[in-house]
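Visitor:
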DNA sequence: TCAATAGTGTCTTTTAGACATTATATG
DNA sequence: CATATAATGTCTAAAAGACACTATTGA
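Chains as they are written, first to last, in this note's numbering: chain A, 1 to 232; chain Z, 233 to 464.
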């Protein structure tokens, strides 16, 4: 018989970064038995005096050791009746973006580590719970939103070069982009990036020094940075 | 002291339609005391054996009398600690789209009625609970998604003319569109609409009969139907 | 006939993309 | 010098937008 119940409410965070030229996902050891060998998104139950965004930030900080992600947004809520056999539960999923950290993250809490998204997609890494439903949604959201919001800058540390920014698009979209046309589009999108006036030192192999930029004030990109060839 | 709690989980549905050339929102009488004169989105608590989508459909049907919306999607989840003074609660908001009904909806349940979105935005209609936070998010989602998904067809009954479809974009975006260029863009977006082979009878004032179309198979629009002048 | 609405043609501007060329660094 | 990377220039094609023009109806 159908009745009203109360629910356990959790948040789960898909934190993406671009490292070594590929999209990576932060995963931790699941805290539940029955998932040996699997990894999970950082997350857990919401406390009674915090809102959902605060819960997401708390788990990023305490479970994953990430203190200041450049971008956090709500993704969607998963609430199948059979999600959790112990009690009726819903999970509010979040998408977070951060620059590639210099050191692997974590103060060791629950073995936080970055995993290449390709390994998750291909099944080399197995996800616990229903997190294999959340992750594709997170990737799709990130791919789409890079087109019309200046989100790519959340993946790079300031100041950054346009080659670094291009590397973000290439890693998230999985395509190669023409450097010349990419530059024109970024510069031609007002408020996307602003030059610092400095230049980066070339690598050991030489090369002309790259102009350095920081994040601009724009909230949307005009014109948009469209993905090539979504043709049908 | 912060503790774990269970939550009351509700869904609230922002059902949009285009009627008389303007964007309208379905509202009902709130079921809680303390909101005299205010109206609310249809919604309520999720049962223990249904998922979130099912709950949204149930409230559309039972509370609002809408049986077959053309489009339903999850919007986002609102979970401030003070949302509901009686208990910790979260609300999963949904966006739904439907063609303008011939008759005002409802079998009278909780006084379901369509209200012009302009009256909601301007404050002529007062919303109960935190529904004044949900509605702007719903409108923004609809406006944006009309650009790259064939969602506009969810607002019209099949078969439809291109003038009717254009009226949807004009009502949702609040701008006038050039009929000639609009036509070319719709026809040039493969799978957006398909002609039925029939023509509509002109109105009483005459005019060339319009070609009739139905919804096409495309899931995305290529190229997109971009809103004019989002310039800064 | 005229008024009304649907549909086509044409021209200009903007944007996207391919790709050659120039600029400035290291070794 | 050669090599590497950044930045600019040029050309073509695709798309957006303004707007004149033609087509088919009712009165």
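No residue lacks a Cβ here, since even glycine has one placed at the ideal position from N, Cα and C.
Remember, predicted model here, so these are calculated numbers, not experimental data.
Report the residues of the stretch 47-62 of chain A with a CB closer than 8 Å to any CB of chain Z, ordered along the chain.
Guide: Correct list: 47, 48, 49, 50, 51, 52.
Visitor: Flag residue 74 (chain A) as yes if its beta-carbon sits less than 8 Å from any beta-carbon of chain Z, otherwise no.
Guide: So yes, residue 74 (chain A) belongs to the interface.
Visitor: Tell me the DSSP secondary structure of residue 280 (chain Z) in three-state form.
Guide: Three-state result, residue 280 (chain Z): coil.
Visitor: So residue 240 (chain Z) contacts chain A; which residues on that side make the cut at Cβ distance below 7 Å?
Guide: Those within 7 Å of residue 240 (chain Z) in chain A are 6.
Visitor: For a test of the three-state rule: what should DSSP assign to residue 352 (chain Z), helix, strand or coil?
Guide: If DSSP states are grouped into helix, strand and coil, residue 352 (chain Z) belongs with the helices.
Visitor: Between the Cα of residue 59 (chain A) and those of A:112, A:131, A:139, spot the shortest distance and give me the residue it belongs to.
Guide: For residue 59 (chain A), the nearest C-alpha among the options comes from A:112.
Visitor: I'd like to know if the stretch 379-398 of chain Z and the stretch 411-430 of chain Z are in contact, where contact means that at least 3 CB-CB pairs between them fall below 8 Å.
Guide: Result yes; three or more Cβ-Cβ pairs closer than 8 Å.
Visitor: Does the count of Cβ pairs from the stretch 197-209 of chain A and the stretch 170-181 of chain A closer than 8 Å reach three?
Guide: Touching, no, given that fewer than three Cβ pairs across the two stretches are closer than 8 Å.
Visitor: Which parts of the stretch 48-107 of chain A are runs of the beta strand (DSSP E), unbroken and 3 residues or longer, counting only runs that do not cross its ends?
Guide: 71-78, 89-97, all fully within the stretch 48-107 of chain A.
Visitor: Under 8 Å between C-beta atoms, does residue 311 (chain Z) make it to chain A?
Guide: True, the Cβ-Cβ gap to chain A drops below 8 Å.
Visitor: Based on Cα-Cα distance, which residue from Z:333, Z:243, Z:352 lies nearest to residue 304 (chain Z)?
Guide: Taking only the C-alpha atoms, the option nearest residue 304 (chain Z) is Z:243.
Visitor: Pairs of beta-carbons, one from the stretch 92-99 of chain A and one from the stretch 245-261 of chain Z, closer than 8 Å: are there three or more?
Guide: The answer is no - the stretch 245-261 of chain Z does not touch the stretch 92-99 of chain A, with fewer than three Cβ pairs under 8 Å.
Visitor: Quick one: Cα of residue 463 (chain Z) to Cα of residue 87 (chain A), how far?
Guide: Bear in mind that a pLDDT of 49 at residue 463 (chain Z), under 50, signals an unreliable position, so the number given afterwards is only what the model happens to contain. If you take the alpha carbons of residue 463 (chain Z) and residue 87 (chain A), they lie about 49 Å apart.
Visitor: Anyone know if the C-beta pair for residue 413 (chain Z) and residue 81 (chain A) falls short of 8 Å?
Guide: No, these two residues do not count as a Cβ contact at 8 Å.
Visitor: Can you look up residue 401 (chain Z) in the DSSP assignment and give me helix, strand or coil?
Guide: DSSP places residue 401 (chain Z) in helix when its eight states are reduced to three.
Visitor: Taking DSSP as the reference, what is the three-state secondary structure of residue 148 (chain A)?
Guide: Reduced to three states, the DSSP call for residue 148 (chain A) is helix.
Visitor: Would you tell me roughly how many angstroms separate the C-alpha atoms of residue 375 (chain Z) and residue 402 (chain Z), rounded to the nearest one?
Guide: When rounded, the distance between both Cα atoms is 10 Å.
Visitor: Pick out whichever of Z:359, Z:448, Z:298 has its Cα sitting closest to the Cα of residue 266 (chain Z).
Guide: Per the Cα distances, Z:359.
Visitor: Using a Cβ-Cβ cut-off of 7 Å (strictly less than) and excluding sequence neighbours within five positions of residue 192 (chain A), which residues of its own chain qualify?
Guide: Excluding sequence neighbours, residue 192 (chain A) sits near 150, 186, 216, 218, 221.
Visitor: Sorry if obvious, but does the Cβ on residue 279 (chain Z) come closer than 7 Å to a heavy atom of the ligand SAH?
Guide: This structure lacks the ligand SAH; in fact it carries no ligand of any kind.
Visitor: How big is the Cα-Cα spacing for residue 354 (chain Z) and residue 365 (chain Z)?
Guide: Cα-Cα distance, rounded: 14 Å.
Visitor: Buried or exposed: where does residue 223 (chain A) fall if 16 or more other Cβ atoms within 10 Å of its Cβ makes it buried?
Guide: So residue 223 (chain A) ends up on the exposed side.
Visitor: Here's a check: name, in chain order, each residue in its chain whose Cβ is nearer than 6 Å to the Cβ of residue 323 (chain Z), leaving out the five neighbours to either side.
Guide: Here the set comprises 242, 244, 310.
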